[in-house]
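These notes concern the structure reproduced below.
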Amino acid sequence: MNAVIVAVLLMIVLSIFRVHVVIAMVTGAIVGGITAGFSLDETLTLFGNGLGANAGVALSYAMLGAFAVGISFTGLPNLIVKKAVSIVGEEGETQTRKLSKVLLLLGILLISIFSQNVIPIHIAFIPILIPPLIKVFNALLIDRRAVATIMTFGLKAPYILLPFGFGFMFHEIIEANMGESGMVIELSMIPRALAIPVLGMVIGLLISVFVSYRKGRTYKTVALGEADQKEEDYSYNLPSVIVGISSIIAVLILQYITKSMIFSAFVGLGILYIYFVYFHFKRNFQMSQSETLMTNGMKMMAFIGFVMIAAGGFAEVIRGTGHVESLVTTVAELLGDNKGLAALMMLLVGLLITMGIGSSFSTIPIIAVIFVPLAEAIGFSTLATIALIGTAGALGDAGSPASDSTLGPTAGLNADGQHHHIWDTCIPTFLHLNVPLIIFGWIAVMIL
């Protein structure tokens, strides 16, 4: 039995049955390692060696979570909520409310797309933007599963199609690994090959927003960080709003310049702390209150941090088994010259690998070594091979419990504890983004 299949499927099944995803990953890694012939000690050593891979990411998210809740103290989110609610009203599905929902969701989509290409900060915007908007989502009766699908689409589709920001990195990885495997291509060919698969994601996104999650969904409205936080603690004035906006701009600019979420969030927190000290001297504010807010923010993002750390160990065990290569080789041997079946099976292999590793960027080097010569032997064109490798690599980023494209949206939408990672993010994004990507990716491979 292939250890990769055992580990990934076990992790997914346990997660679906609401076993905490960290426990599911540890269990899958242990069973996968033992299936590959490792002893328990060897498996745990591999898992431990991989834990440090994502430790920096985990700390980054904790800092951003603290910053996001710190922003709430300035009153800026409260101002946004009051303005939004005053426009849409408290109750009723009026035309104004419908228009407001569309504009809000469109704005989130554009920001998500820009985070990959225009201002490549990836998911750094989520803990800053989304938690303050939760009250607005509740007032508009927005189903957060639609928001999760929108954000995951915005985090994923742009780097697949557009050669800017993270997209340029993804395309470079495809070009380099295909070249090393014996098929030289030009970067300009990649968007042409991947346009059809991304079209499938667009259709899936539209279905999620206008069909699957069109109806309203009711959530309880609670304060971020603490359910019993007093509303007056979030009062705002002109100086506090200016401080809040300034700190957000500083974080975004520094994230772009330094490429460090830790440092940019640290500076943002520094700006807020200066304001807190001023507030302390002027209005007898207790600094212990700001410490409580920071701690609550770190708790809000602790989930994603632990999952990312566990994902590093899980991926290390999967790679250490050596069964990824054997899985790809076995599939290649079984396919023969059936183009349709070959394309489908190779896409599913890419899906399985990325679901386990949680990174499309890491999947490309693994599959390109086998897929390039196999595609040439079967008779696929160069464009079809690019579509095959690009789609197979991208598959699984949406829907994977270990991917930051799903963990990021969950961390923001679950700020009040009412959004489940598997059932409200992973499964909706898998159904509406991965399934169309498989279908349209297969079509692209067959017609190009």
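Residue numbering for the sequence shown follows my numbering, starting at 3 and increasing by one per position. Ideal Cβ placement from N, Cα and C applies to all residues, glycine included.
Legend entry - Same chain, Cβ closer than 8 Å to Leu201, neighbours up to 5 away in sequence not counted: Around Leu201: Phe442.
Legend entry - Buried versus exposed call for Asp145 [16 or more other C-beta atoms within 10 Å across all chains shown]: The residue is buried, with at least 16 neighbouring Cβ atoms inside 10 Å.
Inset, instruction - Ignore the nearest five residues each way along the sequence and tell me which others in Ile113's own chain have a CB closer than 7 Å to its CB. - result: Phe127, Leu131
Inset, instruction - Pull up the distance between the alpha-carbon of Gly414 and that of Ala252, whole angstroms please. - result: Roughly 20 Å separates the two Cα atoms.
Legend entry - Nearest-angstrom Cα separation, counted from Gly218 out to Leu143: 5 Å
Legend entry - C-alpha gap between Met13 and Ile115, whole angstroms: 30 Å
Legend entry - C-beta atoms of Leu439 and Met203 nearer than 8 Å: yes
Inset, instruction - Measure how close the beta-carbons of Ala207 and Phe155 come, nearest whole angstrom, since I'm counting them as under 8 Å. - result: The residue asked about is misnamed: residue 207 is Leu in this sequence, not Ala. Approximately 5 Å separates the beta-carbon atoms of Leu207 and Phe155; this is inside 8 Å, confirming the contact.
Legend entry - The alpha helix (DSSP H) enclosing Gly398, as first and last residue numbers: Looking at the DSSP string, Gly398 is not in any alpha helix (DSSP H), and its letter there is neither H nor E.
Legend entry - Straight-line gap, Ile205 to Ile276 (C-alpha atoms, nearest Å): 47 Å
Inset, instruction - Please state if the CB of Ala394 and the CB of Ile372 are separated by a distance shorter than 8 Å. - result: no
Legend entry - Environment of Lys284 [buried if 16+ CB atoms lie within 10 Å]: Only weak support is given to the placement of Lys284: the predicted model assigns it a pLDDT of 49, under 50, and the value that follows is read from those uncertain coordinates. Classification of Lys284: exposed, given that the 10 Å Cβ count is below 16.
Inset, instruction - For Gly358, collect the residues of the same chain with a Cβ closer than 6 Å to its Cβ; drop the 5 residues on either side in sequence, then sort them by chain order. - result: Val10, Ile320
Inset, instruction - Mind the definition here: the stretch 392 to 411 touches the stretch 155 to 173 only if three or more C-beta pairs lie below 8 Å; say whether that holds. - result: Cβ pair count under 8 Å is three or more, so yes.
Legend entry - Straight-line Cα distance separating Gly352 from Ile250: In a straight line, the C-alpha of Ile250 is about 37 Å away from that of Gly352.
Inset, instruction - Could you say which of Gly419, Ala64, Ala396, Pro134 lies nearest to Gly246 if we only look at CA atoms? - result: Pro134
Inset, instruction - With distances taken Cα to Cα, identify the nearest neighbour of Thr445 among Thr356, Asp426, Phe432, Lys341. - result: Sequence check: residue 445 is Ile here, not Thr. Residue Lys341 is the option with its Cα nearest to Ile445.
Inset, instruction - Tell me whether the beta-carbon of Gln420 lies closer than 8 Å to the beta-carbon of Lys222. - result: yes
Inset, instruction - Answer yes or no: do Arg147 and Pro403 have a C-beta to C-beta separation smaller than 8 Å? - result: Not closer than 8 Å, so no.
Inset, instruction - State the Cα-Cα distance for the pair Ser407 and Lys158, rounded to the nearest angstrom. - result: 7 Å
Inset, instruction - Starting from the C-beta of Asp230, find all residues in its chain whose C-beta is less than 7 Å away, skip the five residues before and the five after it, and write them out in chain order. - result: With a pLDDT of only 42 at Asp230, under 50, the local geometry of the prediction cannot be trusted, and the value read off the model is given with reservation. Answer for Asp230: no residue qualifies.
Inset, instruction - Specify the secondary structure class of Pro438 as computed by DSSP and reduced to three states. - result: Here Pro438 sits in helix by DSSP.
Legend entry - Residue burial classification, Lys100 (beta-carbon count within 10 angstroms, cutoff 16): exposed
Legend entry - Exposure label - Phe382; buried when at least 16 CB within 10 Å: buried
Legend entry - CB of Ile388 within 8 Å of CB of Ala178, strictly: Taking 8 Å as the cut-off, the Cβ atoms of Ile388 and Ala178 do not count as close.
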